[in-house]
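Everything on this sheet refers to the single structure shown next.
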Amino acid sequence: MASVSLESVSKNYGTHTVIQGVDLQINDGEFVVFVGPSGCGKSTLLRIVAGLVAASKGVVTIGGEDVTDVPASKRGVAFVFQSYALYPHMSVARNIGFALETLGVAKDAINQKVSAVARMLKVDHLMERRPRELSGGQRQRVAIGRALVRQPEIFLFDEPLSNLDSDLRMEMRMEIAKLHDDLKTTMIYVTHDQSEAMTLADRIVVLNHGRIEQVGTPQQLYHTPDNRFVAGFIGSPRMNFLAVSAQTGANAGAIVGPGNLSLSLVAQNPSGPIAEIGVRPEALRLVAEADGRLACTLERVEDLGHEHFGYCRITDETVWVVRLPTAPSPDKIGTRVGLDFADSAIFAFAAAGKRVLLSSASAGIGQGREP
Ligand SMILES: Nc1ncnc2c1ncn2[C@@H]1O[C@H](COP(=O)(O)OP(=O)(O)OP(=O)(O)O)[C@@H](O)[C@H]1O
């Protein structure tokens, strides 16, 4: 096991900067997930830790040792790729044991280790098959087995489940979580799927345009996002946003917006006037138009069996999603309705996206507290 530290790490391709001054400390035995939209630099950052990509600037430390100029093969890391990257002409057993062969480990010792890993990953009945004779899930298990057999200090996973169907993805996600519980090895895992990040991570690193937006536990990011980007990225369906106007002078603290919105919010340490508010779908209630804090038209309902989502149009540009405990009657669709929400469910943002913490004396009671 080993800790990982990145200090002022940047990466440029020509004039294109893809990682910009990243500082990050990952503790020994921690499961850290990098999330962010496509192209934000997740894989590049992971590859910089692995030594597969050289940083343009900055220092990478593993287990307290500066490894910035140490090749990938000497860093004690094992990498599991999205594409599995198995050797097509080798059997499952040889694929798993090949790294030990190249290290000159004795044949008996290799056989023992390969058998133990194959049993653990439930591929021991497939040892003589070639990769093309395996399902996607079985291939991914072999790829993980190949990493596991080397007993690395750190596991690095780059979107390992994205080629699997949703049932298999859930199953493998549980197995990776169990692997971490059993081995307690430091793991860094890249995904663009925020629900995968929420369920696997001790801590999540949210990346955007090559910078860290926020680092925290899943609960911290969900309940106390630093900015609009994190608030919108963590949570599914995502947080609803609405552009609002902060009143000044005698009406300071009053917030007005479309849908007859009228709130009274007092900002703590404002980083600018409130320009937008956000409320999560699960914090909204569908009520009669006159009883809501927001007036809108219920345009559509999605019935997923165990849950329902209503799509409520507030303006031409803004539709809010509300999570409904039961399906509304079909004659409600197309009618005017109201949305209600507790004061504590309101998130507020300044024009540049920074979250504005609301004073407990205002309508936004509770914002800014740790859960
Ligand atoms: N070898 C390269 N040469 C030039 N640009 C590159 C190279 N590798 C990556 N990039 C660019 O760096 C940026 C970050 O890429 P990276 O693969 O790290 O993103 P990502 O967040 O992992 O995306 P995805 O989720 O789509 O895999 C992208 O704009 C990409 O086009």
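Under full-length UniProt numbering, the very last position in the sequence shown is 371; numbers go up by exactly one each time.
Just so you know, even glycine gets a beta-carbon here, dropped at the ideal spot from N, CA and C.
On a predicted model such as this, the values are computed, not experimentally measured, just so you know.
Measuring from the CB of cysteine 40, is there a heavy atom of ligand 1 at a distance below 7 Å?
Because some heavy atom of ligand 1 lies under 7 Å away, the Cβ of cysteine 40 counts as near it: yes.
Would you mind reading off the limits of the beta strand (DSSP E) that contains serine 43?
Not the beta strand (DSSP E): serine 43 falls in the alpha helix (DSSP H), residues 42-50.
For lysine 332, which option in Val149, Ala106 and Cys296 has the closest C-alpha, if you only look at C-alpha atoms?
Answer by Cα proximity: Cys296.
Starting from the Cα of isoleucine 346, find the closest Cα among Glu302, Ile255, Gly334 and Arg300 and give me that residue.
When only C-alpha atoms are compared, the closest one is Ile255.
The alpha helix (DSSP H) enclosing leucine 349, as first and last residue numbers:
In the sequence as displayed, the identity of residue 349 is phenylalanine instead of leucine. Counting along the chain, phenylalanine 349 sits inside no alpha helix (DSSP H); it lies in the beta strand (DSSP E) bounded by residues 347-350.
How close, in whole Å, do the beta carbons of leucine 24 and isoleucine 212 come, if the pair is a contact with beta carbons under 8 Å?
Correct: roughly 7 Å between the Cβ atoms.
Measure the Cβ-Cβ separation of glutamate 299 and cysteine 312 and say whether it is below 8 Å.
Cysteine 312 is positioned such that its CB atom lies closer than 8 Å to that of glutamate 299.
Where do the ends of the beta strand (DSSP E) carrying histidine 16 lie?
16-26 is the span of the beta strand (DSSP E), which, as asked, contains histidine 16.
With respect to the alpha helix (DSSP H) encompassing serine 166, which residues constitute its N-terminal and C-terminal limits?
From DSSP, the alpha helix (DSSP H) with serine 166 extends over 166-183.
Near ligand 1: tyrosine 13 beta-carbon under 7 Å from a heavy atom:
Taken from the Cβ of tyrosine 13, at least one heavy atom of ligand 1 lies inside 7 Å.
Output the boundary residues of the alpha helix (DSSP H) element that contains methionine 120.
Unbroken alpha helix (DSSP H) run through methionine 120: 107-120.
Look up phenylalanine 309 in the DSSP assignment and give the residues it is bridged to.
Note: phenylalanine 309 sits in a beta bridge opposite Glu302 and Arg323.
Glutamate 101 in three-state terms, based on DSSP
Note: glutamate 101 maps to helix in three-state DSSP.
Comparing the CB of leucine 36 with every heavy atom of ligand 1, is any distance shorter than 7 Å?
Looking at the sequence shown, residue 36 is not leucine but glycine. Flag set: Cβ of glycine 36 near ligand 1.
Please return the same chain residues whose Cβ sits closer than 6 Å to the Cβ of valine 77, not counting the five positions on each side in sequence.
Excluding residues within five positions, the ones whose Cβ falls inside 6 Å are Ala50, Pro152, Ile154 and Leu156.
Comparing alpha-carbon positions, which option in Ala246, Gly14 and Ser38 lies nearest aspartate 193?
Of Ala246, Gly14 and Ser38, the residue nearest in Cα terms is Ser38.
What residue does the alpha helix (DSSP H) around glycine 216 start on, and which one ends it?
Per DSSP, glycine 216 is not a residue of any alpha helix (DSSP H); the beta strand (DSSP E) it occupies stretches across 211-216.
By the 10 Å Cβ neighbour count, where 16 or more other Cβ atoms means buried, how is glutamine 219 classified, buried or exposed?
Flag for glutamine 219 reads exposed.
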